[in-house]
Amino acid sequence: MSSGRLLRSTAIFSAMTFLSRLSGLVRDQVYAMVFGAGAAMDIFFIAFRIPNFMRRLSAEGSFSMAFVPVLAEYKEKHGPGAVKELIDRVTGTLAAALLVLTALVLVFAPALATAIASKYTGGQHDMLTEMLRITFPYAFFISLASLVGSVLNSYQRFAIPALSPILLNLSMIAAAFWLAPLMGGSVMALAWGVLAAGVLQLVFHLPALAKLGLLPRPRLGMAHEGVRKIMKLMVPTLFGSSVVQFNLLFNTWAAAFLASGSVSWLYYSDRLLEFPLGMFGVAIGTVILPHLSSRHAATDPDGFSKGLDWGFRLCLLIGVPACIGLILCAGPLMSTLFQYKNFTPFNAQMSSWSLMAQSTAVPAFLLVKVLAPAFYARQDGRTPVKSAVVAVITNALSTIVLFAGVLFFTAQGQAALVQTGGRYLDALALIPGMHALLALAIAIAGWVNALQLAWYLQRAGVYHRQPGWGRFLRQIGVASLVMVGLLIAFRLAWPDWVQWNWWQRGLRLLAMVGAGGGAYAVLLWLQGIRPRDFRGH
1 MSSGRLLRST AIFSAMTFLS RLSGLVRDQV YAMVFGAGAA MDIFFIAFRI
51 PNFMRRLSAE GSFSMAFVPV LAEYKEKHGP GAVKELIDRV TGTLAAALLV
101 LTALVLVFAP ALATAIASKY TGGQHDMLTE MLRITFPYAF FISLASLVGS
151 VLNSYQRFAI PALSPILLNL SMIAAAFWLA PLMGGSVMAL AWGVLAAGVL
201 QLVFHLPALA KLGLLPRPRL GMAHEGVRKI MKLMVPTLFG SSVVQFNLLF
251 NTWAAAFLAS GSVSWLYYSD RLLEFPLGMF GVAIGTVILP HLSSRHAATD
301 PDGFSKGLDW GFRLCLLIGV PACIGLILCA GPLMSTLFQY KNFTPFNAQM
351 SSWSLMAQST AVPAFLLVKV LAPAFYARQD GRTPVKSAVV AVITNALSTI
401 VLFAGVLFFT AQGQAALVQT GGRYLDALAL IPGMHALLAL AIAIAGWVNA
451 LQLAWYLQRA GVYHRQPGWG RFLRQIGVAS LVMVGLLIAF RLAWPDWVQW
501 NWWQRGLRLL AMVGAGGGAY AVLLWLQGIR PRDFRGH
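Mapping of the sequence shown onto UniProt numbering: position 484 corresponds to residue 484, and the numbering continues sequentially without gaps.
#1: Can you tell me whether ARG271 is buried or exposed? The criterion is at least 16 other CB atoms within 10 Å of its CB, across all chains shown.
#2: Going by C-alpha to C-alpha distance, which of ASP533, ARG49 and HIS291 sits closest to LEU314?
#3: Measuring alpha carbon to alpha carbon, tell me which of VAL187, LEU317 and ARG508 ends up nearest ARG471.
#4: What are the boundary residues of the alpha helix (DSSP H) that GLN358 is part of?
#5: Quick check on this structure: which residue in PHE140, TYR376 and LEU112 has the alpha carbon closest to the alpha carbon of THR286?
#6: Quick check on the DSSP output: what are the complete alpha helix (DSSP H) runs of length 4 or more inside the region 270-357, in order along the chain?
#7: Whether or not the region 163-182 and the region 123-134 are in contact is what I'm after, with contact meaning three or more pairs of Cβ atoms, one per stretch, closer than 8 Å; do they touch?
#8: Do PRO290 and THR91 have their C-beta atoms within less than 7 Å of each other?
#9: Taking 8 Å as the threshold, find out whether the region 505-521 comes into contact with the region 457-464 through three or more Cβ pairs.
#10: What is the C-beta distance between ILE87 and LEU214, in whole angstroms, given that I count them as a contact (C-beta under 8 Å)?
#11: Sorted by chain position, which residues of the same chain lie with C-beta nearer than 7 Å to TYR74's C-beta, five sequence neighbours on each side aside?
#12: Between ALA283 and THR17, is the Cβ-Cβ spacing less than 7 Å?
#13: Would you check if there are 3 or more beta carbon pairs closer than 8 Å linking the region 318-330 to the region 261-281?
#14: Suppose the cutoff is 8 Å on Cβ atoms and the five residues either side in sequence are ignored; what does the same chain contact list for HIS537 look like?
#15: Assuming contact is defined by CB atoms lying nearer than 7 Å, are ALA255 and SER262 in contact in what I supplied?
#16: Short check: CB of TRP353 to CB of ALA411, under 7 Å?
#17: Using 8 Å for Cβ pairs, my map puts ALA145 next to SER164. What's the rounded Cβ distance?
#18: On the DSSP letters alone, give me the boundaries of the alpha helix (DSSP H) that TRP497 sits inside.
#19: Helix, strand or coil for GLY122 per DSSP?
#20: Enumerate, from N- to C-terminal direction, the unbroken alpha helix (DSSP H) stretches of 4 or more residues contained entirely within the region 40-104.
#21: Please report how far the alpha carbon of ARG89 lies from the alpha carbon of LEU98, in whole angstroms.
#22: What does the Cβ neighbour count give for LYS77, buried or exposed, with the cut at 16 atoms within 10 Å?
#23: Can you list, in chain order, the residues of its chain with a C-beta nearer than 6 Å to that of ALA109? Leave out the 5 residues immediately preceding and following it.
#24: Give the single residue among ILE324, LYS341 and ALA348 whose Cα lies nearest to the Cα of SER335.
#25: By how many angstroms is the C-alpha of LYS211 removed from the C-alpha of GLY36?
#26: Under 8 Å Cβ to Cβ from ILE444, same chain only, skipping five residues before and after it: list those, please.
#27: Looking at the unbroken alpha helix (DSSP H) that takes in MET434, where does it start and where does it end?
#28: Taking the beta carbon of ASN501 as the centre, do at least 16 other beta carbons fall within 10 Å, making it buried, or is it exposed?
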């Protein structure tokens with residue numbers, strides 16, 4: 001695939017993903033208005049984090065990273081019959097494994113609830129247990145949907161997989177507005193919405209797969225050469241490609257010990273962060289993995305290197321302004337999008353703090369979407385694991401150091417320790433804003449992961465920088481400085497967003513985003529950057 005087709009495919013995927021993220025934003029606004037941010041929503045977000053973690057592992061993480069290169073190899077070196085058999089065997093094997101895993105979770109849900117949120121006891125523990133039993137089967141359906149979506153992506157059919165999450169969002173909105181009132185306003189309605197969405201998303205993919213003549217007939221395939229190769233690749237990729245998800249799981253567990261609402265605040269800030277990461281990061285990573293896999297299978301090192309260079313430049317071109325915009329517009333974004341009814345100004349402020357902290361690593365998160373596929377396309381899963389282990393340790397250590405710094409070296413921390421008789425976890429729950437330190441720890445780990453992967457890639461000798469990097473970085477730097485100046489001016493002119501109604505906030509937010517983004521684009525244009533620069537080398 002040429003860089004021109006890469007750009008077109010990425011643009012199509014990004015456009016479809018934008019619609020998905022937009023519906024997700026509406027869904028989150030419904031969450032905030034109907035349920036607010038409190039203990040019940042914290043429990044739902046914790047329960048949903050587990051099957052959602054499985055979704056990201058399969059769609060954006062270990063499974064797709066292991067499956068797509070092997071599928072590309074079969075397409076390049078074997079006939080259509082072998083490709084179809086591979087898909088059948090992988091589908092059957094994955095479905096069997098997921099059934100066993102789902103059964104285990106249903107049986108041991110009480111123990112799992114204790115393990116992931118030991119803070120909750122009594123009725124809250126029972127509620128979390130029930131939610132886990134309802135939501136976890138979603139992992140079965142969405143993992144199979146991600147499998148068939150990976151097949152479609154490999155055949156350059158990007159629209160259906162990109163649009164599929166809209167069904168989840170619509171299902172959740174229906175659960176909040178229709179099912180919840182029937183259940184007395186219970187948050188449990190959202191859990192049933194999750195389960196229904198999994199079935200809908202799987203069924204949504206099947207007609208497109210049938211048109212390709214690749215609708216699976218599931219068969220077990222533990223002895224199949226392709227399945228064994230995928231399983232061998234999955235062992236390291238399970239950890240390596242999903243370091244951010246492991247960090248999020250750790251932080252969800254840690255946030256459960258903090259002030260009530262912390263899990264929800266982190267959720268809402270993470271959702272806004274998902275806009276650039278989902279629209280562009282996942283799009284670039286999804287499109288570039290089949291390209292790099294095919295270049296490696298065809299023994300084309302020059303095409304492989306040029307594809308990487310294209311991805312790196314696009315990530316920085318998008319990631320730097322996204323980082324700036326999310327940091328400087330965090331407060332206005334949270335107030336405009338979520339601060340209504342049960343979502344108070346305090347909730348908006350707390351969510352904006354964690355958004356600012358985690359947004360510092362947007363460029364790193366985007367770069368990893370290109371760096372990790374560079375290794376998996378070469379069927380090298382070990383190198384990302386080395387980086388991931390260090391990143392996970394960095395996240396945990398950063399969390400401990402940041403928490404300790406607040407507890408022992410600030411007046412608030414000292415007062416909380418005195419009030420709780422020296423009980424550290426209880427003291428943390430009394431200090432507002434500690435959840436933002438969890439977000440900052442993820443950002444630190446994200447940069448560590450990206451820098452390590454870049455260093456390993458350079459050492460492997462498979463990437464050679466194309467000419468013009470110095471000029472390209474200067475162009476981004478100049479445009480970014482102008483953008484920063486404009487956004488700061490807007491913030492100084494409009495310091496208090498609480499006083500306005502929704503449309504006044506919306507108009508001002510549009511003005512800020514439009515002026516900042518417009519200035520960035522104009523400055524890039526004036527300095528000579530054109531879309532054609534990303535359509536060919």
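The beta-carbon is built from N, C-alpha and C at its ideal position, and this holds for glycine as well.
So, from the listed chains and residues:
#1: As a position in the sequence shown, residue 271 is number 271, starting the count at 1. Under this definition ARG271 is a buried residue.
#2: Here residue 314 refers to the residue found at position 314 of the sequence shown. Here the closest residue by C-alpha is ASP533.
#3: Working through the sequence shown from its first residue, we reach residue 471 at position 471. Nearest C-alpha to ARG471: LEU317.
#4: In the sequence shown, counting from the first residue as 1, residue 358 sits at position 358. Counting along the chain, the alpha helix (DSSP H) containing GLN358 begins and ends at 345-359.
#5: Along the sequence shown, read from residue 1 onward, the residue named residue 286 stands at position 286. Taking only the C-alpha atoms, the option nearest THR286 is TYR376.
#6: 283-297, 301-328 and 330-338
#7: no
#8: Mapped onto the sequence shown, residue 290 falls at position 290. Mapped onto the sequence shown, residue 91 falls at position 91. Not in contact: PRO290 and THR91 (Cβ atoms no closer than 7 Å).
#9: no
#10: Sequence index remark: in the sequence shown, residue 87 carries index 87 (1-based). Sequence index remark: in the sequence shown, residue 214 carries index 214 (1-based). Contact annotation, ILE87 with LEU214: C-beta distance approximately 6 Å; criterion of less than 8 Å satisfied.
#11: Position 74 of the sequence shown, counting from 1, holds the residue named residue 74. ALA82, VAL83, LEU86 and GLY226.
#12: Residue 283 sits at position 283 when you count from the first residue of the sequence shown. Residue 17 sits at position 17 when you count from the first residue of the sequence shown. Yes, they are a contact pair.
#13: yes
#14: Stepping through the sequence shown from its first residue, residue 537 is reached at position 537. The pLDDT assigned to HIS537 is 43, lower than 50, so where the model puts this residue is not dependable; a value taken from the coordinates is nonetheless given after this. Correct list, in chain order: SER3, LYS306, ASP309, TRP310 and GLN466.
#15: Your numbering for residue 255 matches position 255 in the sequence shown. Your numbering for residue 262 matches position 262 in the sequence shown. Yes, these two residues count as a Cβ contact at 7 Å.
#16: As a working mapping, residue 353 is identified with position 353 in the sequence shown. As a working mapping, residue 411 is identified with position 411 in the sequence shown. Not a contact, by the Cβ cut-off of 7 Å.
#17: The residue you call residue 145 lines up with position 145 of the sequence shown. The residue you call residue 164 lines up with position 164 of the sequence shown. Going by Cβ atoms, the distance from ALA145 to SER164 rounds to 6 Å, so yes, they are a contact pair.
#18: Reading the sequence shown from its first residue, position 497 is the one you call residue 497. Premise fails: TRP497 is in no alpha helix (DSSP H) and is neither H nor E.
#19: For the purposes of this step, residue 122 is taken as residue 122 along the sequence shown, with counting starting at 1. The DSSP-derived three-state label of GLY122 is helix.
#20: 62-77
#21: As a working note, residue 89 is residue 89 in the sequence shown. As a working note, residue 98 is residue 98 in the sequence shown. It is roughly 14 Å from the alpha-carbon of ARG89 to the alpha-carbon of LEU98.
#22: For the purposes of this step, residue 77 is identified with residue 77 of the sequence shown, where counting begins at 1. Exposed, because fewer than 16 other Cβ atoms sit within 10 Å of the Cβ of LYS77.
#23: The residue labelled residue 109 in the question sits at position 109 within the sequence shown. Answer for ALA109: THR129, LEU132 and ARG133, listed in chain order.
#24: Along the sequence shown, read from residue 1 onward, the residue named residue 335 stands at position 335. Nearest of ILE324, LYS341 and ALA348 to SER335, Cα basis: ALA348.
#25: For the purposes of this step, residue 36 is identified with residue 36 of the sequence shown, where counting begins at 1. For the purposes of this step, residue 211 is identified with residue 211 of the sequence shown, where counting begins at 1. Spanning the two alpha carbons is a distance of roughly 43 Å.
#26: The residue labelled residue 444 in the question sits at position 444 within the sequence shown. The answer, listed in chain order, is ALA361, THR394, ASN395 and SER398.
#27: The residue given as residue 434 occupies position 434 in the sequence shown. DSSP places MET434 inside the alpha helix (DSSP H), whose first and last residues are 434-460.
#28: Numbered from its first residue, the sequence shown carries residue 501 at position 501. Exposed is the call here.
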